[in-house]
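Numbering (full-length UniProt numbering), first residue to last: 1 to 453.
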């Protein structure tokens, strides 16, 4: 199956230019033989609306708005299935009098230009709640010709409901398993709370913290005994809207027998078209030791990235993660398609999987007391220096394995992040690494190309 993710940077309320931005990415990539093209959440309207009044001029009726028209045109042009996120206004004239209904929706158009599905977001983020209703039909499931049994979710749908449901409810992941889907599509406008100046320094670098969190929310799929591979498409947007910065990192992954394979991934700031072929071997793999005893590990994972792998993003080096301490030995390199004739790395051991090791789990401490203790040590150190006493060593960074609450990077305040940052519930990954699995052959297999808009 050839899948494309269109990652670009729409601006809120700038519909005409957003359409042009998406068209420019497609024109430069000029893809062929696609089966599926996925666009982000609220792709052409933009996402960061503050109220119903702000978004009202951009609401569309399903099947007859600008997003539907664009999807039909592109589906016919490229002979593929297209999904586009849009703000839906329901036509209630046949049922009048009724209160108006508005939804954060995704429309699905087949290769013949026919609307075959319209999914309404179930779990709303705080931005959605200012104007949209919750979908009343559950997560989407249906058989789509050429794709198979497909599930669809939108961004916040992979999180616990309202962040009030238990972490281990895993609503969307269990839905995928219960309906026996072989494909899950998740369109997103996933934000980051990191400092924009730091986050945007290396736009071709994927945001591995975000990717790891997405994968962790699919834990039941990873732990299932399903022998068939389940393909998951994360299509996110990039860029910023006002004070909101989006995480990019669109990816196509395959989950099978506890393994998480990466077929393709874009950088956090890349504007391009990610194209992968899941009939070819993946080029990378997220690896962690399995935990057979504890189904839900109550520990945040430490992100350890090693090895070399192919990506459409270009060549770069990722520095030590600022919260992982100073002892990290990271060697994470993205190589361009121009290096496809070179051989990189070795295949991972078959007994390695993404699941966390029980042995690595340590008792956790609350974050605020830990920071308070750190501040007191700093004051004591300053006082000791003034008294010419022996110096007090202050740790340079916090150890994630001793923190109970997730910190929103780049902020001094501690808040409950939504689909915009790491969940306040600890991730289930222990030690994660990316390992190179296969190469890009001369015949073009494992194609993963990017066009920049």
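Just so you know, even glycine gets a beta-carbon here, dropped at the ideal spot from N, CA and C.
None of these values were measured; they are calculated from a predicted model.
Task: Chain-order list of residues whose beta-carbon lies under 6 Å from that of residue 47 (same chain, five-residue window excluded) - done: 189
Open item on the list: Less than 6 Å between C-beta atoms, sequence neighbours within five positions excluded: which residues of the same chain meet that for residue 116?
Closed with: 108 and 110
Task: Member of 25, 19, 180 and 251 whose CA lies at the smallest distance from the CA of residue 42 - done: 19
TODO: Have a look at residue 200 and residue 274 and give me their C-alpha separation to the nearest angstrom.
DONE: 19 Å
- [ ] With a 10 Å radius around its C-beta and 16 neighbouring C-beta atoms as the bar for buried, classify residue 85 as buried or exposed.
- [x] buried
Task: Local Cβ density within 10 Å of residue 3, reported as buried at 16 or more and exposed below that - done: buried
TODO: Write down every uninterrupted run of the alpha helix (DSSP H) in the segment 172-247 whose length is 4 residues or greater and which is fully enclosed by it, in chain order.
DONE: 196-199, 208-216 and 219-223
Task: Limits of the unbroken alpha helix (DSSP H) element including residue 53 - done: 52-55
Task: Nearest-angstrom Cα separation, counted from residue 12 out to residue 246 - done: 13 Å
Open item on the list: Please report the distance separating the alpha-carbon of residue 279 from that of residue 183.
Closed with: 13 Å
Open item on the list: Can you tell me where the beta strand (DSSP E) holding residue 144 begins and where it ends?
Closed with: 140-144
Task: Given residue 230 as reference, the closest of 104, 215, 255 and 195 once Cα atoms are compared - done: 255
- [ ] Report the three-state DSSP secondary structure of residue 250 (helix, strand or coil).
- [x] coil
Open item on the list: Using only the alpha-carbon positions, how far apart do residue 154 and residue 283 sit?
Closed with: 26 Å
Open item on the list: Measuring only from the beta carbon, is residue 268 closer than 7 Å to any heavy atom that is part of the ligand ATP?
Closed with: As presented, the structure is devoid of all ligands, the ligand ATP included, so that no description of it is given.
- [ ] Could you say if the segment 45-65 and the segment 22-35 meet the contact criterion of at least three C-beta pairs nearer than 8 Å?
- [x] no
- [ ] Under the assumption that residue 38 contacts residue 181 (Cβ atoms under 8 Å), give the Cβ distance between them as a whole number of angstroms.
- [x] With 8 Å as the limit, residue 38 and residue 181 do not qualify as a contact, their Cβ atoms being about 15 Å apart.
Task: Alpha-carbon spacing of residue 238 relative to residue 202, whole angstroms - done: 13 Å
Open item on the list: Using a 10 Å radius around the Cβ and a threshold of 16 neighbouring Cβ atoms, would you call residue 77 buried or exposed?
Closed with: exposed
Open item on the list: Among 134, 102, 31 and 9, whose alpha-carbon lies nearest the alpha-carbon of residue 75?
Closed with: 31
Task: Three-state class that DSSP yields for residue 132 in the structure shown - done: coil
Open item on the list: Taking the alpha-carbon of residue 249 as reference, which of 228, 211, 104 and 277 has the nearest alpha-carbon?
Closed with: 211
TODO: For residue 137, count neighbouring Cβ atoms within 10 angstroms of its own Cβ and tell me buried if that reaches 16, exposed if not.
DONE: exposed
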